[in-house]
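Note that the sequence shown covers residues -20 to -1, 1 to 158 in mature numbering (1 follows the signal peptide of the UniProt record, and there is no 0). Report on the following structure.
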Amino acid sequence: MIRRLIIGTVLASVTASAAAGCGGDGGDKAKPEVAWAGKVCDGVTASGAGLSFPQLDPENGARSAKALAGFLDAMGKRLQTMETRLQGAGAPPVDNGGAALNTALANLRGTESAVRTASGGLAKAKVTDAKSFKAAVTEAGQAMRKVQTYQGPTKDLRADPALAKAFDQAGSCKTHQL
């Protein structure tokens, strides 16, 4: 039950952002917006790769809380890296591209903040047994609740029709069916 709560709360909000990435390819250079989309997809994918959910044992609540806090901390760092890479890509070369990027960055920052709040809460929680572990996880879940529907920066960027078309045309984004 606890594992499902954690997976539903944490992974639905953040793993989607990592999965929302895609790799670029050399053929995306014909149109600036398509090349930009490929660059963004590369950055998002690299930021989210390699993170795995820890083994949890509610009967060993202190160890499980520490492992989960570490997982959330690593996730927060990856979201921060993703933000840096998006900023590095600059505004997309389409009308209102700056506004689209700002929306994506704001949503990413909100998600990162929620993850860090949950991680910090777990790290500070006095967990001694299964009951206190469940209480700490429930509190962390409350911190994550507002970002449960977050689907990642590429989803936010795709809200702009010109960018959606650019993501659709980027070869490697097609490979990842994004």
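We treat Cβ as the ideally placed atom computed from N, Cα and C, and that holds for glycine.
How is the alpha helix (DSSP H) around residue i delimited, first residue to last?
i, result
"residue 138", "Note, residue 138: premise wrong, no alpha helix (DSSP H); not H, not E."
"residue 67", "41 to 69"
"residue 22", "12 to 28"
Check whether the Cβ atoms of residue i and residue j lie closer than 8 Å to each other.
i, j, result
"residue 52", "residue 99", "yes"
"residue 90", "residue 24", "no"
"residue 54", "residue 66", "no"
"residue 17", "residue 146", "yes"
"residue 80", "residue 97", "no"
"residue 11", "residue 69", "no"
"residue 130", "residue 87", "yes"
"residue 95", "residue 142", "no"
Please go through the stretch 81 to 121 and give each complete beta strand (DSSP E) segment of 3 or more residues, from N-terminal end onward.
none
Contact between the stretch 26 to 33 and the stretch 105 to 114: three or more CB pairs below 8 Å?
no
Given 8 Å as the limit, is there contact between the stretch 62 to 78 and the stretch 113 to 122, that is, 3 or more CB pairs closer than that?
no
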